[in-house]
Ligand SMILES: Cc1ncc(COP(=O)(O)O)c(C=O)c1O
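In structure tokens:
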């Protein structure tokens, strides 16, 4: 008998098929990405790195005759790497091509690991890192006191202004005062396009300052050409997750500019040496063996992102997000930044309707619309009771939903809000089951018309 875990996987397939995923950090991977992630590559240990000496630069596979030659050049701690090396090398060269990078480390198990490795590559305990505060839209790994890195480094934060954009004057003032080792531009709940050129000018005034971007949310938009690429504006390092707009397997990625050299030799801490410093900070600095099945799936996803269809996809993601924002506004939802320039929308639910974000998240969950409660800048709600909700279009656009469907989603959301306001207390949601189930059936019937890839 098959393990009962598989029954639960079947239930999850049903949930994904019958509901609509509005969490902006989620997506649905292709069948091929899924296939690569579930392979025997999980059996292999491959601590270390493949050779970097110009092999597969254009994504071509190595010539079989050169396998021995390549084996002599790799930097692995285990034997039997001829296929793994080629897979990892392909992932690296595709990632470099997608993001105009000199080097890519495809081994981070997650976005958090990628950030941690960059901090470790460039800073020493006590060094200052300047990043967007969590309350303004930054990520936990950008200095939230509950994280390990916040206990190692001295994080200082910048925020957003009234318009929801980065307060660049404040950022410059703090940077000049604090002389950080890293200025980090990145966020999980920010809907504007950062002025990378302006931030580069600020960083130039600070000696030894590494300009780092955490583009976890918008990496797919960058790859598809609808969002500027920080590496084109003088940033040295860009981290990302691979599973959000980039539509790959769950994992992390570090891209950098600089001189790619033997990762076994300890280099001097210079900007030119960043690729090697990063490789050493990932392994052995902060991780052990890489997940080569996931790296294979990353390679497949990067290959997909290099195709022209991906450009169309990300254009639609942004178009859908703008339409969704407009339809929500028309129905009384007050939006942070009054709209969006990317794939996500942040709603101040408290200000709009007097209920908190968690209440709305739970009520929407009951109808098969999944999003997440999120703090809004200068939120007065507790961490588990934030005032806002965050939603986005990467996943539903993958399923093929368009602007017409964005109107429907906004309408369902308003109907659910009215139920919540009528009840006044989330513990009473059960008493609204009949009304909620009507909306759930409507969501389900639309969702069924747009199958989830791979199911
Ligand atoms: C900007 C940003 N950085 C890093 C991360 C962490 O990624 P992971 O959950 O893969 O560790 C996230 C995840 O949401 C994120 O939004």
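In my numbering, the protein residues as written are 38 to 492. Backbone N, C-alpha and C fix where the C-beta goes; we use that ideal spot for every residue, glycine too.
**Study point:** Neighbour-count burial assignment, residue 276, 16 or more Cβ in a 10 Å radius
**Key:** It counts as buried.
Review point. For the beta strand (DSSP E) that residue 251 lies in, which residues bound it at each end?
Key: Note, residue 251: beta strand (DSSP E), 247-251.
Exercise for review: Decide yes or no for the touch test of the region 113-126 against the region 197-211: beta carbon pairs closer than 8 Å, at least 3 of them.
Suggested key: Between the region 113-126 and the region 197-211 there are fewer than three C-beta pairs closer than 8 Å, too few to call the two in contact.
**Study point:** With 16 other Cβ atoms within 10 Å as the buried cut-off, status of residue 248
**Key:** The Cβ neighbour count for residue 248, taken over all protein chains shown within 10 Å, is at least 16; the residue is labelled buried.
Point to revise | Length at least 3, wholly inside the region 154-234: the beta strand (DSSP E) runs in chain order | key: Runs of the beta strand (DSSP E) inside the region 154-234: 165-169, 191-195 and 219-223.
Exercise for review: Compute every distance between the C-beta of residue 186 and the non-hydrogen atoms of ligand 1, then say whether any falls below 7 Å.
Suggested key: Result no, Cβ not under 7 Å from ligand 1.
Review point. Rounded C-beta distance between residue 225 and residue 254? I'm assuming under 8 Å.
Key: The pair is a contact, with the Cβ atoms about 6 Å apart (cut-off 8 Å).
Point to revise | Simplified DSSP assignment, three categories, for residue 58 | key: Strand at residue 58.
Point to revise | Through-space distance from residue 351 to residue 484, alpha-carbon basis | key: The alpha-carbon atoms of residue 484 and residue 351 are separated by roughly 20 Å.
Point to revise | Buried or exposed by the 16-neighbour rule on C-beta atoms within 10 Å, applied to residue 473 | key: It is buried - the Cβ of residue 473 has at least 16 other Cβ atoms within 10 Å.
Check your understanding: Just to check, is the beta-carbon of residue 178 closer than 7 Å to a non-hydrogen atom of ligand 1?
Key -> Residue 178 Cβ: within cutoff of ligand 1.
Point to revise | Under the three-state DSSP convention, the category residue 291 falls into | key: Here residue 291 sits in strand by DSSP.
Check your understanding: Which partner residues does residue 274 have in the DSSP bridge list?
Key -> In DSSP, residue 274 forms a bridge with 249 and 293.
Practice item. Note down the Cα distance separating residue 294 from residue 51, rounded to an integer number of angstroms. Key: Between the alpha carbons of residue 294 and residue 51 lies a gap of roughly 43 Å.
Practice item. List the DSSP bridge partners of residue 112. Key: Partner(s): 86.
Point to revise | Strand pairing of residue 140, partner residues [DSSP] | key: DSSP lists 293 as partners of residue 140.
Practice item. Compute the distance between the beta-carbons of residue 64 and residue 330, then report whether it is under 8 Å. Key: Going by C-beta atoms, residue 64 is not nearer than 8 Å to residue 330.
**Study point:** residue 374 versus residue 77: straight-line alpha-carbon distance, rounded
**Key:** In a straight line, the C-alpha of residue 374 is about 46 Å away from that of residue 77.
Practice item. Given a cut-off of 8 Å, decide if residue 394 and residue 425 are closer than it, judged by their beta-carbon atoms. Key: In terms of Cβ geometry, residue 425 and residue 394 form a close pair [threshold 8 Å].
Practice item. Report yes or no: do the region 300-316 and the region 359-367 share at least 3 C-beta pairs separated by less than 8 Å? Key: No, because fewer than three Cβ pairs between the region 300-316 and the region 359-367 fall closer than 8 Å, the two stretches do not touch.
Exercise for review: Report whether the distance from the Cβ of residue 224 to the nearest heavy atom of ligand 1 is below 7 Å.
Suggested key: Yes, the beta carbon of residue 224 sits closer than 7 Å to at least one heavy atom of ligand 1.
Review point. What's the C-alpha gap between residue 464 and residue 399?
Key: In a straight line, the C-alpha of residue 464 is about 10 Å away from that of residue 399.
Exercise for review: Return yes when the Cβ of residue 319 is within less than 8 Å of the Cβ of residue 145, no when it is not.
Suggested key: Yes, Cβ-Cβ distance for residue 145 and residue 319 is below 8 Å.
**Study point:** For residue 340, the three-state DSSP class (helix, strand or coil)
**Key:** The DSSP-derived three-state label of residue 340 is helix.
Practice item. Report the three-state DSSP secondary structure of residue 413 (helix, strand or coil). Key: DSSP, reduced to helix, strand and coil, places residue 413 outside both helices and strands of the structure shown, so it counts as coil.
Review point. Closer than 7 Å: is that where the CB of residue 289 sits relative to any heavy atom of ligand 1?
Key: Yes, Cβ of residue 289 sits closer than 7 Å to a heavy atom of ligand 1.
Exercise for review: Work out the CA separation of residue 436 and residue 495 for me, nearest whole Å.
Suggested key: With the chain covering only 38 through 492, there is no way to say anything about residue 495.
Review point. Rounded to a whole number of angstroms, what is the C-alpha to C-alpha distance between residue 105 and residue 140?
Key: Taking the straight line from one Cα to the other gives about 24 Å.
Review point. So, using beta-carbon positions, are residue 333 and residue 73 closer together than 8 Å?
Key: It is a contact, given that the beta carbons lie within the stated cut-off.
Exercise for review: Determine the extent of the alpha helix (DSSP H) in which residue 357 is found, giving its start and end residues.
Suggested key: DSSP places residue 357 in the uninterrupted alpha helix (DSSP H) bounded by 345-367.
Review point. Residue 382 bridges to which residues according to DSSP?
Key: According to DSSP, which records beta bridges pairwise, residue 382 is partnered with 428.
**Study point:** residue 389 versus residue 451: straight-line alpha-carbon distance, rounded
**Key:** Cα atoms of residue 389 and residue 451: separation of roughly 11 Å, rounded to the nearest angstrom.
Review point. Is it right to say residue 43 is buried, meaning 16 or more other beta carbons lie within 10 angstroms of its own, or is it exposed?
Key: Exposure of residue 43 is indicated by the presence of fewer than 16 other C-beta atoms within 10 angstroms of its C-beta.
**Study point:** Check: residue 147 C-beta below 7 Å from any heavy atom of ligand 1
**Key:** Judged by the Cβ position, residue 147 qualifies as a neighbour of ligand 1 at the 7 Å threshold, a heavy atom of the ligand being closer than this.
Check your understanding: Between the Cα of residue 216 and the Cα atoms of 204, 202, 203 and 239, which residue gives the shortest distance?
Key -> Out of 204, 202, 203 and 239, 239 has the C-alpha closest to the C-alpha of residue 216.
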